[in-house]
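Every number in this note's numbering is 540 more than the matching position in the sequence shown, counting from 1.
Quick notes on the structure that follows.
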Amino acid sequence: MFLETLKLALRAISRNILRSFLTVLGVVIGVAAVIALVTIGNGTTEQVSAELSRLGTNMLFVRPGQFGPGRASSEARRFTVKDVDAIRDQLTGLRAVAPLNQTTATAIYGGQSHSTTVMGTTNYYFIAQDLD
Numbered sequence: 541m542f543l544e545t546l547k548l549a550l551r552a553i554s555r556n557i558l559r560s561f562l563t564v565l566g567v568v569i570g571v572a573a574v575i576a577l578v579t580i581g582n583g584t585t586e587q588v589s590a591e592l593s594r595l596g597t598n599m600l601f602v603r604p605g606q607f608g609p610g611r612a613s614s615e616a617r618r619f620t621v622k623d624v625d626a627i628r629d630q631l632t633g634l635r636a637v638a639p640l641n642q643t644t645a646t647a648i649y650g651g652q653s654h655s656t657t658v659m660g661t662t663n664y665y666f667i668a669q670d671l672d
């Protein structure tokens, strides 16, 4: 019975070679697409995990003001040097407290203008980012 079914299947495949080839090609392309998507997903997951671990599990970012629906961060007043010193004095066991002010600006040189990010901080920033 099994042998007869196998012969029937081989006969059907040999009569429709183009259809059989296209079916096999479709299956191969489908499997390759699934493998590619899974690989891309895993690679992206690893990249995001690496970026998050680079930030460090022992790092805390403090921003002034309250955040939430309808509240913009630009409405909050900026930290002063006294605020940063108070955070440093009140919290013990900190390796570094580094204020950071960041904005965008246009730099013009040689008749060309480029948009860039300008950051202002202290030497403690390099310690906090493990760049010392």
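A virtual CB, placed ideally from N, CA and C, is assigned to each residue, including glycine.
No experiment lies behind these values; they were computed from the predicted model shown.
For the options 645, 642, 619 and 626, the alpha carbon positioned closest to that of residue 605 is the one of 619. With contacts defined by Cβ atoms closer than 8 Å, residue 636 and residue 668 form a contacting pair. In the structure shown, the three-state DSSP call for residue 647 is strand.
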